[in-house]
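First residue of the sequence shown? That's 0 in numbering that gives the first Met the number 0, and the numbers climb one at a time after it.
Glycine residues also receive a C-beta, built at the ideal position from the N, C-alpha and C atoms.
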Amino acid sequence: MVHSLVIKSTLTGQSQHFTDNDYPGALPIAVGVRALMDAAVICGHNIQTFDIPALQKIYPWFKPSGIVLDTIIMSRHFYPDMKDADFLQAKKREWIPPQLYGRHNLESWGYRLGHWKGDYGKEKEKEGRALGLKGDELTYFVWGRWSPEMQDYCGQDVEVTFALLRKLRKKDFSFQSVQIEHDVQRIISRQEAHGWAFDEEAAYRLYGMLRGAQAEIEDKLAGIFAPWFRPDGVVTPAADRRVKREDLGVTITERRFSEATGKELKPYVGPVRESYSTEAPYTKIKMKPFNPGSRQDIANRLQKLYGWRPSEFTNDGQPKVDDEVLSKLKYPAAPLLTEYLQIAKLTGMLSEGKEAWLKAVRNGRIHGRVNTMGTVTSRMTHQKPNMAQVPSGKVKWGHECRALFTANKGQVLVGCDADALELRCLAGYMARWDKGAYIKTILEGRKEDGTDMHTLNAKALGCSRDTAKTWIYAMLYGSGDYNLGFVLGVRGSAEKIAAAGRAARNKLMKAFPALKKLVDACKEKAKVGKLRGLDGRYVPIRSAHSALNTLLQSAGAIIMKLALVIADRELQEAGFVPLVDYEWVGNIHDETQASVRPDRADEFGTIMANAIAKAGEQLNFKCPLKGNYDIGQNWGETH
0 MVHSLVIKST LTGQSQHFTD NDYPGALPIA VGVRALMDAA VICGHNIQTF
50 DIPALQKIYP WFKPSGIVLD TIIMSRHFYP DMKDADFLQA KKREWIPPQL
100 YGRHNLESWG YRLGHWKGDY GKEKEKEGRA LGLKGDELTY FVWGRWSPEM
150 QDYCGQDVEV TFALLRKLRK KDFSFQSVQI EHDVQRIISR QEAHGWAFDE
200 EAAYRLYGML RGAQAEIEDK LAGIFAPWFR PDGVVTPAAD RRVKREDLGV
250 TITERRFSEA TGKELKPYVG PVRESYSTEA PYTKIKMKPF NPGSRQDIAN
300 RLQKLYGWRP SEFTNDGQPK VDDEVLSKLK YPAAPLLTEY LQIAKLTGML
350 SEGKEAWLKA VRNGRIHGRV NTMGTVTSRM THQKPNMAQV PSGKVKWGHE
400 CRALFTANKG QVLVGCDADA LELRCLAGYM ARWDKGAYIK TILEGRKEDG
450 TDMHTLNAKA LGCSRDTAKT WIYAMLYGSG DYNLGFVLGV RGSAEKIAAA
500 GRAARNKLMK AFPALKKLVD ACKEKAKVGK LRGLDGRYVP IRSAHSALNT
550 LLQSAGAIIM KLALVIADRE LQEAGFVPLV DYEWVGNIHD ETQASVRPDR
600 ADEFGTIMAN AIAKAGEQLN FKCPLKGNYD IGQNWGETH
């Protein structure tokens, strides 16, 4: 049931209330719904993901005929660096509550705009909790029954949304980018509602295998790292005393003298005695085994036994210990420790963590959440669970993890990704200075005759082709000099490794002058603090160091978003029906995953792959783009 609806005209500024209850001047809800359906433009906050689907559940005939504008989409799009902006404002004046920094909800905007949203929901929930209500009963108590206060609260929401729309309209924006973001959100809302089929039985089996592998590693590490004494707390004796240590099995002879006369007495013969004094606090020690799950234990043993000198530290000053750090060490125990932490990470994602897959699955499906503007570069981010963290099929246990995410029953999974997207984006931007030379290398270069991009990069860097391939992607992802030097295999002091990385970066710039000019141009944009994306949107730059990565990552994100929109439209034009013939289940960086009718899987894959190329063409990108697709029963087979 819909209790309240309020519509405000952007032309007259007048508001009209709708409810099927007794409220002064209100019209029936159905009248308001039809008014929305017939309007040339409707606007709301999170209207695409919540309001429209909610209305359609109650009024199946409701289908907006005009343009739909969603202020939460526009807010995230126009203010991708909102948290930074909030912190900056807080330094200048009294600002919004800190817990709302970076948020795009109406409550946050109400504070920013000086339009208090109201506390109806919070106060009603507080009242319900005082009555001992929780779960569905609490939800019904707050939202299940209409009240005049609820109607007023709805009206205030509309006032905040109206004020926000007026502010957003003043921004310098690209119509193409706004359209793309609205279309993408519409598709992703379907994806979230549909979810991704998940093989629970296989997940529990995999968890058992991982815990078994952990136990084996624990046994091996116990043979390498023996138990050792450790501090077990400081104790201050309550009274002076001497204690016989009969447990030590040692008998001593101790001379004694009279305190009154000084005459020697019969000696004490017996167990060793310990003396305790209220003026002498002491530290207890305890023999404890090595715990491979403790970062402190790992750091302690590596430093004490191998002389490890950490180069990275946590915010509280402790050595940084993770699988990435350990994988770079040459100590005998390092491979086992690395694998242990990697498995621990997997068991956390699979079963033990807060957002574990097995905790997220409902009725055999995982309905992960996606923020389509989760980063300043316009990349999507993923929550509950974070699908972007599912390990690659190329790493150990990665295939088994991906195989848990399957096609719908009776369908197949079609996975499509953009071929060498980062390097094609790089080549497209370099074309301004090299007249397309690097584009030609990407499109026409061959590994067999040494004319492909990775071989040319290897020659410039003076390393193997495989190393050059890893190195170039590390550079494009924004790696610093130290990591670049480490990728090249340089070892020694941090200064030595960083110097090697810096020298390699300079070599590549010298070999490809257009790259240096592109990097310099990005650094100039960093002085302004923003750059223009492929579709005209503004993309914030947080530092000169990250400027190139920001440019390339935003280009890749915009390309894949437009490709998704093109594909979804062309699929439906070709007769594909969402939720029947296909549905998207995953959109992660440069890849898409969809569950599709098996007899149309190749047709689907071709449309999606071609959409990537078409996206580049529509954006007037200089480097031709290409998509590849795979068909299988699960994610492990399709990427």
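If you run the structure through DSSP and keep just helix, strand and coil, what is residue i?
| i | result |
| --- | --- |
| Asp85 | helix |
| Trp583 | strand |
| Asn633 | strand |
| Leu551 | helix |
| Thr250 | strand |
| Thr337 | helix |
| Leu487 | coil |
| Phe404 | strand |
| Ile557 | helix |
| Pro27 | coil |
| Pro96 | coil |
| Pro577 | strand |
| Gly292 | coil |
| Lys62 | coil |
| Pro331 | coil |
| Val157 | helix |
| Arg445 | coil |
| Pro318 | strand |
Can you give the beta carbon distance from residue i to residue j, rounded, assuming they're within the 8 Å contact cut?
| i | j | result |
| --- | --- | --- |
| Trp145 | Asn20 | 5 Å |
| Leu514 | Ala503 | Wrong, their Cβ atoms sit about 13 Å apart, outside the cutoff. |
| Gly528 | Ser553 | Actually they do not touch by this definition, with Cβ atoms about 14 Å apart. |
| Val159 | Gly109 | 5 Å |
| Arg401 | Gly635 | 4 Å |
| Gly65 | Ala39 | 4 Å |
| Lys285 | Phe228 | 7 Å |
| Lys408 | Ala459 | Contact doesn't hold; Cβ gap of about 51 Å is too wide. |
Since residue i sits in a beta bridge, which residues does DSSP pair it with?
| i | result |
| --- | --- |
| His16 | Val5 |
| Phe228 | Met286 |
| His381 | Val369 |
| Glu263 | Phe256 |
| Ala417 | Gly626 |
| Lys458 | According to DSSP, Lys458 bridges with nothing at all. |
| Tyr281 | Val234 |
| Arg75 | None; Arg75 has no bridge partner. |
| Gly113 | BP columns for Gly113 are empty, so no partner. |
| Lys529 | Pro539 |
Could you give the residue range of the beta strand (DSSP E) that holds residue i?
| i | result |
| --- | --- |
| Ser326 | Note, Ser326: premise wrong, no beta strand (DSSP E); alpha helix (DSSP H) at 322-326. |
| Lys169 | First-last for Lys169: undefined, no H or E at that position. |
| Gln592 | 590-595 |
| Cys622 | Run containing Cys622: none; DSSP gives neither H nor E here. |
| Val67 | 66-69 |
| Ala196 | 195-197 |
| Arg308 | Counting along the chain, Arg308 falls outside any beta strand (DSSP E), and DSSP gives it neither H nor E. |
| Gly427 | Looking at the DSSP string, Gly427 is not in any beta strand (DSSP E); the run it does join, the alpha helix (DSSP H), is 420-433. |
| Ser274 | 272-275 |
| Gln537 | According to the sequence as given, residue 537 is Tyr; it is not Gln. Note, Tyr537: beta strand (DSSP E), 537-539. |
| Arg241 | 240-243 |
Between which two residues does the alpha helix (DSSP H) holding residue i run?
| i | result |
| --- | --- |
| Trp142 | 134-142 |
| Trp470 | 464-475 |
| Ile51 | 51-57 |
| Lys495 | 493-510 |
| Ile46 | From DSSP, Ile46 is part of no alpha helix (DSSP H); its letter is neither H nor E. |
| Lys358 | 356-359 |
Buried or exposed: where does residue i fall if 16 or more other Cβ atoms within 10 Å of its Cβ makes it buried?
| i | result |
| --- | --- |
| Gly211 | exposed |
| Tyr152 | buried |
| Ser107 | buried |
| Lys395 | exposed |
| Glu148 | exposed |
| Gln184 | buried |
| Lys121 | exposed |
| Pro230 | exposed |
| Thr252 | exposed |
| Leu422 | buried |
| Ser176 | buried |
| His453 | buried |
| Arg308 | exposed |
| Leu10 | exposed |
| Met429 | buried |
| Gly134 | exposed |
| Thr450 | exposed |
| Gln302 | exposed |
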